[in-house]
Structures are given as C-alpha cells and as structure tokens.
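Residue numbers for the sequence shown follow the working numbering, so the first one is 276 and each next one is one higher.
Heads up, the beta-carbon is just placed ideally off N, CA and C, and yes, glycines get one too.
Nothing here was measured: the structure is a model prediction, and the numbers come from that model.
The next block holds one structure in the form of structure tokens; read it before the comments.
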Amino acid sequence: MVRLVIVEENEIVLLGLKAALEGCEDVKLLEVYARTEELFSNLERLKPDVILLGGNGTTQNCRKILGSLPETRVLPLSGEENDSELYELFLSGAAGLLPKDASKDEVATSVGIVAKGGLCLNRDILKRLLERLPHPLKDDEVEDFKTLTDREKTVLAMVAQGHRNEEIGSSLNISKSTVRNCISRLKSKLYVDSRAELMSAGMRLRFMGILNL
Numbered sequence: 276m277v278r279l280v281i282v283e284e285n286e287i288v289l290l291g292l293k294a295a296l297e298g299c300e301d302v303k304l305l306e307v308y309a310r311t312e313e314l315f316s317n318l319e320r321l322k323p324d325v326i327l328l329g330g331n332g333t334t335q336n337c338r339k340i341l342g343s344l345p346e347t348r349v350l351p352l353s354g355e356e357n358d359s360e361l362y363e364l365f366l367s368g369a370a371g372l373l374p375k376d377a378s379k380d381e382v383a384t385s386v387g388i389v390a391k392g393g394l395c396l397n398r399d400i401l402k403r404l405l406e407r408l409p410h411p412l413k414d415d416e417v418e419d420f421k422t423l424t425d426r427e428k429t430v431l432a433m434v435a436q437g438h439r440n441e442e443i444g445s446s447l448n449i450s451k452s453t454v455r456n457c458i459s460r461l462k463s464k465l466y467v468d469s470r471a472e473l474m475s476a477g478m479r480l481r482f483m484g485i486l487n488l
C-alpha cells in the first residue's frame with residue numbers, strides 16, 4: 276500500500292488528482308494540503324511513501340523533505356520550469372516530474388513507478404535534462420567509473436534511461452533486492468547520494484562516450 280500526500284493549491288488540479296486516484300486499491304491518500312507549511316507541520320507524523328508536490332520553491336522544498344525523510348519519494352507537479360530550474364529540481368532528488376494535466380492513468384501509473392524507486396520523466400523533459408549535461412567529466416570521475424563491474428555498468432545505464440528497479444531486475448534476470456544492492460554500490464563508488472544524481476552521472480558518462488545506453 277502506497278501512503279500518499281498531495282500538496283497543491285489549485286483546486287481544479289487537486290480535484291483532478293484525487294479523481295485519478297479514486298479506485299486505486301494500492302494507494303492510500305493520507306492528507307491533502309494547499310501549502311507546504313502544512314505539509315512540514317505533519318511530515319514526521321505522516322511519513323508518506325510518496326508526495327505529489329505543487330507550489331512555489333519546489334526544489335528547496337524537495338531538498339527539505341528528503342533531508343527529513345530520505346526514503347520518501349517526491350514527485351513534483353510541473354509548472355513552467357525553465358531548463359535551469361528543471362535541472363536543479365532533478366538534482367535535488369525529485370523522482371521526476373508529473374504534468375498537472377496528466378491523464379487519470381498517467382497519475383496512477385506515475386505514483387506506482389516512483390513508489391517502487393523509479394523515475395517519472397516524459398521524453399520532452401528527459402531531452403531538456405540531457406541538454407544540460409554535456410559538461411566534461413573530471414579525471415577522477417572517469418577513474419571511478421572504471422571500478423564498476425560489467426553488471427554495475429549495465430544497471431547504471433538502465434538507471435540513466437529511467438528504468439524502474441523491477442524493469443532492471445526483469446531485464447537482467449536478477450531479484451529486486453540484487454538491483455537495490457547494486458544501486459547502493461553504484462552510489463558509493465560514484466560518490467552520489469540520490470538516484471537522481473546517479474542518473475545524472477550516467478547521462479554525463481553517456482555524453483562522453485564512456486557509457487553505452
């Protein structure tokens with residue numbers, strides 16, 4: 276059961292999100308808030324699995340949430356982010372970006388994806404992120420990559436493409452726990468703290484022609 280909280284001040288958007296989640300037996304809507312201040316007052320008590328996060332200051336709020344509850348998955352609701360804001364949001368640990376006009380099926384599917392450790396990014400957003408990443412890697416980052424096993428490189432490539440743990444496990448015929456352990460080792464070896472940073476590292480390696488996606 277996915278324990279969910281929604282933060283969104285626009286009543287029309289909120290009604291649409293709630294309607295999209297009606298009938299989802301594996302999702303329990305804990306609370307709905309119009310402002311992030313209300314969320315932070317109740318965050319430790321609720322300990323949600325997933326937060327659909329609207330409002331201003333999303334990047335800072337995402338970092339604040341994950342600083343308190345690192346296991347919680349934060350899926351921001353898209354506004355009119357420019358490329359720089361989108362990139363910073365991605366690096367803050369956000370589990371992707373959900374359009375506010377997403378269909379009923381998209382909302383339910385996206386909540387399920389991020390709850391299982393995946394990232395929710397459509398092609399347009401992924402393209403915009405990729406365009407922010409063609410920066411040269413430092414020599415020590417390349418050396419860190421060389422310490423990875425073949426399996427770790429394959430998992431990193433799939434993470435960089437936005438695949439969920441279940442999809443990675445199914446593709447490589449390994450268990451979800453093995454995938455989680457592999458991702459944990461990747462974070463340690465590449466000196467990153469979040470899945471979003473790991474995905475960023477993978478995409479940067481791709482731009483350098485070091486990692487094949």
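So what's Gly-392 in DSSP terms, helix, strand or just coil? For the purposes of this step, residue 392 is identified with residue 117 of the sequence shown, where counting begins at 1. Three-state DSSP puts Gly-392 in coil, outside helix and strand.
Using the Cβ count rule (16 or more neighbours within 10 Å means buried), how would you classify Val-236? A query on residue 236 cannot be resolved here, the shown segment of the chain reaching from 276 to 488 and no further.
Backbone secondary structure at Pro-409 - three-state DSSP: Along the sequence shown, one-based indexing puts residue 409 at 134. Per-residue confidence for Pro-409 stands at a pLDDT of 47, beneath the threshold of 50, marking its modelled position as unreliable; no derived number is given.
Kindly identify the DSSP beta-bridge partner or partners of Tyr-308. The residue given as residue 308 occupies position 33 in the sequence shown. Paired residues: Val-282.
Give the list of continuous alpha helix (DSSP H) stretches no shorter than 4 residues that lie fully inside the segment 437-461. List check, alpha helix (DSSP H) in window: 440-447.
Is Val-302 helix, strand or coil by DSSP? Counted from its first residue, the sequence shown places residue 302 at position 27. DSSP places Val-302 in strand when its eight states are reduced to three.
Rounded separation between Ser-385 and Ile-485 - CA only: The residue you call residue 385 lines up with position 110 of the sequence shown. The residue you call residue 485 lines up with position 210 of the sequence shown. Spanning the alpha carbons of Ser-385 and Ile-485 requires a straight line of approximately 30 Å.
Between the C-alpha atoms of Ile-334 and Leu-401, what's the straight-line distance to the nearest angstrom? Looking up residue 334 in the sequence shown gives position 59. Looking up residue 401 in the sequence shown gives position 126. According to the sequence displayed, residue 334 carries Thr and not Ile. Their backbone Cα atoms lie some 17 Å apart in a straight line.
In whole angstroms, give me the CA-to-CA distance for Leu-305 and Glu-297. Residue 305 sits at position 30 when you count from the first residue of the sequence shown. Residue 297 sits at position 22 when you count from the first residue of the sequence shown. In a straight line, the C-alpha of Leu-305 is about 13 Å away from that of Glu-297.
Nearest-angstrom Cα separation, counted from Ser-469 out to Met-433: Here the question's residue 433 lines up with position 158 in the sequence shown. Here the question's residue 469 lines up with position 194 in the sequence shown. Distance between Met-433 and Ser-469, taken at the CA atoms: about 15 Å.
Go ahead and pull the three-state DSSP assignment for Leu-404. In the sequence shown, residue 404 corresponds to position 129, counting from 1. Three-state DSSP puts Leu-404 in a helix.
Given this structure, state the Cα-to-Cα distance separating Thr-311 from Asn-448, to the nearest angstrom. Mapped onto the sequence shown, residue 311 falls at position 36. Mapped onto the sequence shown, residue 448 falls at position 173. Counting only the Cα atoms, Asn-448 lies some 41 Å from Thr-311.
Own chain partners of Pro-374 with C-beta closer than 6 Å, once the 5 adjacent residues on each side are dropped: In the sequence shown, residue 374 corresponds to position 99, counting from 1. Leaving aside the five residues that flank Pro-374 on each side, the residues in its chain whose CB is nearer than 6 Å to its CB run, in chain order, Ser-353.
Indicate the three-state DSSP secondary structure (helix, strand or coil) for Gly-477 in the structure shown. Within the sequence shown, residue 477 is the residue found at index 202, counting from 1. Of the three classes helix, strand and coil, the one that applies to Gly-477 here is helix, per DSSP.
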